[in-house]
Amino acid sequence: MTTLGQSDWPQTPVEREVRLAPDRYRNAVGKYKIDRSSACVSCGHCTEVCRYGVHVKPAGYAFTLRPQGHLCIGPECAETPDSCVEQCPQKALTMRRNPAADCLGDPRWSSDLILSTWHMAATGQAPPPHLESRHGASGGGFDKMRFKFEVGMEEPVERTDPTGIDTGLDLNHREDGRPQVHIDIPVYGGGMSFGSVSIHTIVAKARAAAAWNSFTCTGEGGYPERLMPYDDHVITQVATGLFGVREDTIQRVRIVEFKYAQGAKPGLGGHLLGDKNTPAVARMREAVAGNALFSPFPFHSVYSVEDHKKHVDWIKEVNSRCLVSVKVSTPTDVDMVAVGSYYAGAHIIHLDGSYGGTGAAPDIAKKNIAMPIEFAIPKVHKFLCAEGIRDRITLIASGGIRTAYDVLKAIALGADGVVVGTAELVALGCVRCACCESGRGCPRGIASTDPELMMLMSLEWATQRLINLQNAWRQQMVEVLARLGMKSVRELRGAASRVLCYLGEAEAAQ
Amino acid sequence: MPDRYHIHTAPVPGRFRRVGKFGNVDWREDCSRCTNCVKLRCNYDVYKHEAAYNRDPFAPVETLNECKACLSCVQGCTKGLLSISVNPEFLALGDEYWRPDILATTWNQSDAGRIPVSGAGYRGRFYGPGFDSIWTDMSEIVRPTRDGIHGREYISTSVDIGPKPMRLQFAPDGRMLTEPSRLLEIQIPAILDMPAWPVEGSALAQARAAAAKELKTLAVMTAADAATVRPELLPFVVPVVEGAIPAGVRMAEFVDGPDVAERAAGAQAIAAVRMTLGPATADRVVELYRAGLKVFHLVADLHGRERLEDGRAGRHIKDVLREVHGRLVKEGLRDEITLIVSGGVALAEHMAKAIICGADLVGVETPLLVALGCHVCRGTCDGACEAIAAESEYAAHRMINLMGAWHSQLIEVLGAMGIREVRRLRGEVGRAMFLEEIEKEAFGDLARVQGVSA
Chain D
73 MTTLGQSDWP QTPVEREVRL APDRYRNAVG KYKIDRSSAC VSCGHCTEVC
123 RYGVHVKPAG YAFTLRPQGH LCIGPECAET PDSCVEQCPQ KALTMRRNPA
173 ADCLGDPRWS SDLILSTWHM AATGQAPPPH LESRHGASGG GFDKMRFKFE
223 VGMEEPVERT DPTGIDTGLD LNHREDGRPQ VHIDIPVYGG GMSFGSVSIH
273 TIVAKARAAA AWNSFTCTGE GGYPERLMPY DDHVITQVAT GLFGVREDTI
323 QRVRIVEFKY AQGAKPGLGG HLLGDKNTPA VARMREAVAG NALFSPFPFH
373 SVYSVEDHKK HVDWIKEVNS RCLVSVKVST PTDVDMVAVG SYYAGAHIIH
423 LDGSYGGTGA APDIAKKNIA MPIEFAIPKV HKFLCAEGIR DRITLIASGG
473 IRTAYDVLKA IALGADGVVV GTAELVALGC VRCACCESGR GCPRGIASTD
523 PELMMLMSLE WATQRLINLQ NAWRQQMVEV LARLGMKSVR ELRGAASRVL
573 CYLGEAEAAQ
Chain G
274 MPDRYHIHTA PVPGRFRRVG KFGNVDWRED CSRCTNCVKL RCNYDVYKHE
324 AAYNRDPFAP VETLNECKAC LSCVQGCTKG LLSISVNPEF LALGDEYWRP
374 DILATTWNQS DAGRIPVSGA GYRGRFYGPG FDSIWTDMSE IVRPTRDGIH
424 GREYISTSVD IGPKPMRLQF APDGRMLTEP SRLLEIQIPA ILDMPAWPVE
474 GSALAQARAA AAKELKTLAV MTAADAATVR PELLPFVVPV VEGAIPAGVR
524 MAEFVDGPDV AERAAGAQAI AAVRMTLGPA TADRVVELYR AGLKVFHLVA
574 DLHGRERLED GRAGRHIKDV LREVHGRLVK EGLRDEITLI VSGGVALAEH
624 MAKAIICGAD LVGVETPLLV ALGCHVCRGT CDGACEAIAA ESEYAAHRMI
674 NLMGAWHSQL IEVLGAMGIR EVRRLRGEVG RAMFLEEIEK EAFGDLARVQ
724 GVSA
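Those protein sequence lines, which keep their order, are chains D and G. Start counting the first sequence at 73; every next residue gets the next number (our numbering). Start counting the second sequence at 274; every next residue gets the next number (our numbering).
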């Protein structure tokens, strides 16, 4: 296998194939729950009635297995005469909302969004209609936007043939002699450092990125050797702490990202707690194990856009073939920041909105500091257009992109593509309990370097979940683009006023 | 440079029964007693703690309902016997302004005295009424002063209370005519205000006075409570008085009324006017300024709203403050006047946002009660609430922890904006984003649709 970039490691291809990757826990959680009382006589009638696989009685078994309630679609079926509840001769079955599912989620990531993401990651297919998979319930931003066809405001367009729709994206628009970098989906993975998440999570993200010809990002924590077989699909980050940044790591990738700020803690810098700084993490970061590591804010070598250009030039000098991405947060003058980055020579400007982020951050910062990404995208897009440079830079948005519909809305508002973080973690089984930092670390074994907890998840399973999620997202994106009569996701960029509408105040207040 | 201001916090476990968000539900009928029980593997030892409590009712009570809803046990149990559900008692806490999550974070901050930190992004609604429709600014690449958060540079949170003459005046013979200014500098832009509803017991007032001393700020209380305070705490006490000011206090409040200027005249301490926030506040402040008063404590209701003439609640303080501040700027008086606002300041971010909207500092009242375990049931406790009747040393520690956490959070906000002192945050609306404007700018060109719920 030849490499696309300058990696000196043999690159490992990963197959882009959807395979079932069911929940890794014994009991999957669903929106509804089916209870079977002791009146059951195991007649097996329910297994014939149910079309969703809730009831199973394997050949040779005397008893019917415990109901697989997570597959149940709820009242829509249970209230019809053909349902298992109605048909059971013993009246032994009841259906109800699962109280555990109500404990999941919050307005931004509703229970339905988490469950539908799990479904997509398990099957690779769009979720069933009883789960709302398009938007959350936060009452603002993406959740207040609908495609016009969703609310019957659509103007008639000729539907495009879905098979021919292109969701790919070129990332180099500078025509500066550096190589073109193409990704097959308008989505790549956000930076999560070695130390903040487990090695399985990092490598699975890289493998899924390789499968979809996209990217993942190292975050600020060094470049683990296990990522090197996927160098062509890795973005390495140069952040304020410069942890693990070496000439070698910059030279082996196709995109290098400067992280000025991150959405979860804009203007505050990073902080790895001492407990997470295990010997392996410390070696990678060239630090002392057990000490808390601060990534200061800001870059102390950058106090002006001229200094910033010097930084970009430095990376371009070290790696003559890489593209440079600049990741910034969303202050009031984010439009000026974007223009400054373009003139400093960046290929990609990556805006990280304030409601996103995966790592632990002060609650006050997540909620209040800097603007949500929904406001920043149109602001920057319009300003770059007015400046006449919109087609010469790639605009990537992140920070609260949860669903395929969010991806498309972000692009319609003016982004070229998006970066996702939390959505990938949810696909791996994250319940968003927000306890990434407490006790021994992530109870689901995703964001933990605890040797026992990280073994809760295998690399093969995690890779498959992420490949499946992207497949389901791509299906949904293609479906929407077909309805809009578009042949490529690139046609959607900046088309918000044609394809989107905004729900009125009265409704939002409810 | 003065000594660096530091609030000494230390963990103080609450002595009240904590209401948690999630409860475990356990059906034991079908348990197969497998050796593989998920209860033993709980990442947070919730089951062990609850079992300890079941065996010993005197075990610490705050461990109940500490489940964090990671679902590991629910999903892992061999026979699927475990479930969790949202605790209805938690959802019933407080009211629509003092939401259960605000009470819970206030309890946690009072326990530990540290900034609340969590993972996985923001979890709440996109925006809401009042302060929830303001975002504060940050800077990408700026001045070296930005080091503040990590301790190498100093971010000042001190503010001044008192009349601030704009110039000095001299007689022809060179004698200074301006009276020396009596400014009172406090180290956090928050004073500890009286409870918004009647609460009995002077222990609470004692606790506030002690906390104010430690925090280098002030505690407002009735003249009766002030009379019971230990003398060494009097400089940190602001009594609400009719006329005479007790010896030893540095500032007193006079309730607004027709003769307030006469009552406050000749006071030997800083005289502030305590007035209910309303539509006429800006006019009244200007009028009293002309009568010689310079410090105003504007009191909003428990939900941060002004009171209209007919007694109903009006606009939120964020809107009223911008009006009052703007009026004073227009009249050229703003820098001579100190504005204190209280009512509805529930979280550290509200302190920063009220200052952005034009206050010099805020008054904090209800969060101090919540720190002691108050549920903001308002009066249904009949003033006999066990939580609030706590002894004063413990109560003062909890208040100090809470304000210590607030102070750290204020520093985060200032640091992200690249502002070195909170005095410069006052009225800085350009360093904030207001929903109405930002939404119009971003989505003004989208078609509006009614009748579809978000």
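Think of the CB as a built atom: it goes at the ideal place given N, C-alpha and C, for glycine as much as any other residue. Only a predicted model underlies this, so the values are computations on that prediction, with no experimental measurement involved.
Counting only beta-carbon atoms, is residue 462 of chain D nearer than 8 Å to chain G?
-> Output row for residue 462 of chain D: interface = no.
Determine the direct distance from the alpha carbon of residue 532 of chain D to that of residue 356 of chain G, and round the result to whole angstroms.
-> 29 Å
Determine the burial state of residue 224 of chain D: buried for a count of at least 16 other Cβ atoms within 10 Å of its Cβ, exposed for fewer.
-> exposed
Taking Cβ positions only, does residue 515 of chain G come closer than 8 Å to chain D?
-> no
Determine, using beta carbons only, whether residue 504 of chain D comes closer than 8 Å to chain G.
-> Chain G, which has a Cβ nearer than 8 Å to the Cβ of residue 504 of chain D, makes this yes.
Cβ-Cβ separation, residue 326 of chain D to residue 304 of chain D (assumed contact under 8 Å), whole Å = 6 Å
So who's on the other strand from residue 382 of chain D, going by DSSP bridges?
-> None, per the DSSP bridge assignment.
Can you tell me which of the three DSSP states residue 720 of chain G falls into?
-> strand
Check each residue of the segment 563-588 of chain G: if its Cβ is closer than 7 Å to any Cβ of chain D, include it; give the result in chain order.
-> none
List in chain order: all unbroken beta strand (DSSP E) runs of 3+ residues lying wholly within the segment 169-223 of chain D.
-> 217-219
Cα separation between residue 608 of chain G and residue 455 of chain G?
-> 15 Å
From which residue to which residue does the alpha helix (DSSP H) around residue 297 of chain G run?
-> Careful: residue 297 of chain G lies outside any alpha helix (DSSP H), inside the beta strand (DSSP E) at 295-299.
Is there a Cβ from chain D that is less than 8 Å from the Cβ of residue 408 of chain G?
-> yes
So what's residue 420 of chain G in DSSP terms, helix, strand or just coil?
-> With a pLDDT of 49 at residue 420 of chain G, under the threshold of 50, the predicted position of this residue should be treated as unreliable, though the coordinate-derived value follows. Helix at residue 420 of chain G.
Return yes when at least one heavy atom of the ligand SAM lies under 7 Å from the C-beta of residue 393 of chain D, else no.
-> Among the components modelled here there is no ligand, and therefore nothing to report on the ligand SAM.
Shortest alpha-carbon distance to residue 537 of chain D belongs to which of D:155, D:195, D:76 and D:397?
-> D:195
Can you tell me whether DSSP reads residue 568 of chain D as helix, strand or coil?
-> DSSP places residue 568 of chain D within a helical segment (H, G or I) once states are collapsed to three.
Is the beta carbon of residue 477 of chain D less than 8 Å from the beta carbon of residue 98 of chain D?
-> no
So what's residue 339 of chain G in DSSP terms, helix, strand or just coil?
-> coil
For the segment 320-333 of chain D, which residues have a CB atom closer than 7 Å to at least one CB atom of chain G, in sequence order?
-> Result list: 332 and 333.
Report the neighbours of residue 725 of chain G on chain D: residues whose CB is nearer than 7 Å to its CB, in chain order.
-> 218, 223, 575 and 579
So the alpha helix (DSSP H) residue 380 of chain G belongs to, where does it begin and stop?
-> For residue 380 of chain G, the enclosing alpha helix (DSSP H) has its first and last residue at 373-385.
Are the C-beta of residue 715 of chain G and some C-beta of chain D separated by less than 8 Å?
-> Any Cβ of chain D closer than 8 Å to the Cβ of residue 715 of chain G would place that residue at the interface, and such an atom is present.
Which first and last residues belong to the beta strand (DSSP E) in which residue 408 of chain G is found?
-> 407-409
Do three or more CB pairs link the segment 228-246 of chain D to the segment 490-500 of chain D at distances below 8 Å?
-> Under the Cβ criterion (8 Å, minimum of three pairs), the segment 228-246 of chain D does not count as touching the segment 490-500 of chain D.
Along chain D, which residues have their Cβ under 8 Å away from the Cβ of residue 603 of chain G?
-> Listed along chain D is no residue with a C-beta nearer than 8 Å to that of residue 603 of chain G; the closest approach is about 24 Å.
Give me the Cα-Cα distance between residue 412 of chain D and residue 377 of chain D, rounded to the nearest whole angstrom.
-> 6 Å
Terminal residues of the alpha helix (DSSP H) in which residue 363 of chain G lies | 361-364
What is the C-beta distance between residue 513 of chain G and residue 493 of chain G, in whole angstroms, given that I count them as a contact (C-beta under 8 Å)?
-> 7 Å
Using only alpha-carbon positions, find the residue among D:174, D:338 and D:453 that is nearest to residue 410 of chain G.
-> D:338
Starting from residue 340 of chain D, find everything on chain G with Cβ-Cβ shorter than 8 Å and list it in chain order.
-> Neighbours of residue 340 of chain D on chain G, chain order: 422, 685, 688 and 689.
Who are the near neighbours of residue 723 of chain G in its chain, counting only those whose CB is closer than 8 Å to its CB and skipping five residues on each side?
-> none
Of all the options D:497, D:485, D:459 and D:110, which has the alpha carbon lying nearest to the alpha carbon of residue 269 of chain D?
-> D:497
Should residue 338 of chain G and residue 296 of chain G be called a contact, given that it needs their Cβ atoms to be closer than 8 Å?
-> yes
For chain D, find out if any of its Cβ atoms is closer than 8 Å to the Cβ of residue 534 of chain G; answer yes or no.
-> No, no contact with chain D.
Taking any Cβ of chain G, which residues in the segment 122-144 of chain D have a Cβ under 7 Å from it, in chain order?
-> So the close ones are 138.
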